[in-house]
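Each residue of the sequence shown is one higher than the last, beginning at 1 in the numbering used here. Ideal Cβ positions, reconstructed from N, Cα and C, are used throughout, including at glycine. This structure is a prediction, so every number in the text was calculated from the model and none was measured. First the structure, in the form of C-alpha cells, and then the observations on it.
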Amino acid sequence: MRDFAAELADRKQAGLYRTRRLVEGPQQPGLTVDGKPLLSFCSNDYLGLASHPDLTRALCEALPDTGLGGASSHLICGHHRAHHQLEERLAEFTGRSSALFFSTGYMANLGVISALAGRGDTIFSDRLNHASIIDGCVLSRAKVRRYPHGDVDALAEMLAQTGGHKLVVTDGVFSMDGDVAPLGELARLCRTHDALLVVDDAHGIGVLGPDGQGSVAALGLSEDDVPLLIGTLGKAVGTSGAFVAGPRLLTDYLVQKARTYIYTTAMPPALAAATCASLDLIAGAGVRRQRLQQLVLRFRQEATALGYRLMASETPIQPIMVGDNWRALALSRALEDRGIWVTAIRPPTVPEGEARLRVTFSAAHSDQDLDRLLAALAACRGLLDSSSVAAAPVVP
Ligand code: PMP
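In C-alpha cells, the structure reads:
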C-alpha cells in the first residue's frame, strides 16, 4: 500500500495542504466561517444571485409539481419538462441552436471533450485551462498538445504541423488569472485549420457581454465562430449545474456519446426551474454588472497604489500575486485576522512559484466592504516585503 500519511505530511511541509472551512447561512459577502464572522472575497457568486429570493421562491414553487429527486438519467426516465424548458431557455439566452443541461461544469467538460475527440485525434489545450478540461483531455485518449497561455502564434504553428481531426479548447475567462482568451483569433485559426473550437465560459456567463451571455458574445462572436459554448450555473447564475450550447447536430451527438450526460442521474428538476428564474434576472442585471465593474476598477487602482501586483484582468477575478506558498498563506491568515476571507491558491491549481490570493468580487459587495478589504490589505502589505519573516513554514 502507498504511504498516504507520508504523502500528506509532505504536502503540509510544502505549504500545499488544503483545508475546508465550515460556512453557515446563505452564500453572501458576510458569512459565518468556523463560527466567526468574515467578509468573503472568494466566492464565484459574481452577481450576488445565490441567495436571491426570486430563485429560492422559484425552487420552492416548482417542488410540488416536480418532486425532489431526478430518479434516473435523462435517457431512462429522468428528462423532465423542467429540464427541457431550461435547455430551451439556455439556447435562447446564449443565442444558439440548442443546449444540454449537465449536472456540473466538471462533468460537462469531461463529457464534451471525451465525446468529441478520441484516439487518433489531437486536442489543443491552453496551458492554463481548468482542471476539468485537462481531465477531459486525458479521458478522451486523444493526443493532447498544450499551447502557451493565450499564444495564438504558437497554436497556429502547432495546428499547421498536425493532421487528422483537431479540437481546440480554452477557458473563456481564465479561472485563476481572470483574463479573457483571444477568442476572435482562436475562431479564425480554427476555421483556417478546420478545427472544432470549444470554449468553457464558466466565469464569463452572466458577467460579460451586453446581456450577460458571456465572453463569446462580449467579443461579438456567435455560434458560427465558437461552435460549442460550455457554461456553468453555480457561479454568476447562482444555482448549480452546467450547460453546453451549440448546433443541434453536436448536442444530438453528445446525447449519444457524452458519458457524463448519459450515465448519471438527472439533476432535481426544480433546480432547473430556479435556474430559469435566474436567467430571467440576468438579462436585466445590467446594474449588477456595472456595479461589478466599479468595484473592480477601484480595487485595481487602490491595490496597485498599495504596491500589490495584480494580473491583467478586467473581470471580477482579481488575483494578488504572491509567489511563495507560505507567504500566500501568511497573507491570507493576516487578512482573516482582520475579518477578511480570501483563500490562498497554490500549486497544482496554479503553476509552481505563482501562489496568489484570488480576490473575487460580487455585485453584492458594498463600497464599505471594499473599504474594509483595502484597509486590511494596506495593513498587511509588509508581509510581502522580502525582509518579512512571515514566509517561515508554520505547519498547520
Ligand atoms: N470550468 C471552469 C473554468 C471552472 O472554473 C470550473 C469551477 N471552478 C468548472 C469548469 C467546473 O464547474 P462546476 O463547479 O460546475 O463543476
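Measuring only between beta-carbons, confirm whether residue i sits less than 8 Å from chain C.
i, result
"L219", "Of the chains in the structure shown, none is chain C; there is only one protein chain."
Buried or exposed, going by whether 16 or more other CB atoms sit within 10 Å of the CB of residue i?
i, result
"L421", "The requested residue 421 is not part of the displayed model; the chain covers only 1 to 396."
"P210", "exposed"
"S72", "exposed"
"R327", "buried"
"K12", "exposed"
"M1", "exposed"
"A218", "buried"
"P319", "buried"
"G307", "exposed"
"A6", "exposed"
"G238", "buried"
"R81", "exposed"
"A305", "exposed"
"Q368", "exposed"
"Q301", "exposed"
"G284", "exposed"
"G118", "exposed"
"A245", "buried"
"R57", "exposed"
"L189", "buried"
"L370", "buried"
"Q213", "buried"
Measure from the alpha carbon of residue i to the alpha carbon of each residue in the options, then state which is nearest.
i, options, result
"S386", "G323, Y46, P210, D171", "G323"
"R21", "L8, A154, D121, L38", "L38"
"R356", "R57, V226, I317", "I317"
"A242", "A156, S222, V23, A272", "A272"
"V216", "V180, R248, H193, R191", "V180"
"G172", "V198, L189, P148", "V198"
"D440", "L189, L116, T192", "Nothing about residue 440 can be reported from this structure: the residues present for the chain run from 1 to 396 only."
"T170", "G150, M176, E157, L189", "G150"
"E223", "R191, V207, G206", "R191"
"G120", "K143, R96, A62, S114", "K143"
"P64", "Q85, P269, T265, S332", "P269"
"A195", "L16, S175, V168", "V168"
"T265", "E24, T104, G95, D337", "T104"
"C77", "G212, M267, F124", "M267"
"E336", "Y17, G178, K36", "K36"
"A14", "R146, G339, V342, N325", "N325"
"S332", "L383, F93, G178", "L383"
"D177", "E314, T66, L68", "E314"
"V342", "E352, E185, A376", "A376"
In chain order, what residues of the same chain lie with their CB nearer than 7 Å to the CB of residue i, ignoring the 5 residues before and after it?
i, result
"D225", "A187"
"Y261", "H74, L100, F102, G111, L254, V255"
"S51", "P26, Q27, Q28"
"F4", "none"
"S43", "Q27, T360, S362"
"L55", "L49, G238, T239, A274, A277, S278"
"N129", "V169, T170, D171"
What does a CB cutoff of less than 6 Å around residue i pick up in its chain, not counting 5 residues either side in sequence?
i, result
"Y106", "S132"
"R309", "M321"
"D34", "R21, L22"
"S98", "A91, R248, T251"
"D10", "none"
"S114", "G136, L139, S140"
"L59", "A270, A274"
"L31", "V23, L38, S40"
Keeping to the same chain, check which residues put their C-beta closer than 8 Å to that of residue i; ignore five residues upstream and five downstream.
i, result
"S175", "H130, A202, H203, I317"
> Touching or not, the segment 127 to 138 and the segment 86 to 99, by the rule of three or more beta carbon pairs under 8 Å?
Replying inline: The way I'd put it, the segment 127 to 138 doesn't touch the segment 86 to 99; fewer than three beta-carbon pairs between them come closer than 8 Å.
> Using 8 Å as the threshold, is the segment 157 to 172 in touch with the segment 336 to 347, meaning 3 or more CB pairs across them?
Replying inline: no
> Is the segment 45 to 58 close to the segment 361 to 372, with three or more CB pairs under 8 Å?
Replying inline: The segment 361 to 372 and the segment 45 to 58 touch, with three or more beta-carbon pairs separated by less than 8 Å.
> Taking contact to mean at least 3 C-beta pairs separated by less than 8 Å, is the segment 284 to 298 in contact with the segment 256 to 263?
Replying inline: no
> Should the segment 192 to 209 be called in touch with the segment 222 to 237, which here means at least 3 C-beta pairs below 8 Å?
Replying inline: yes
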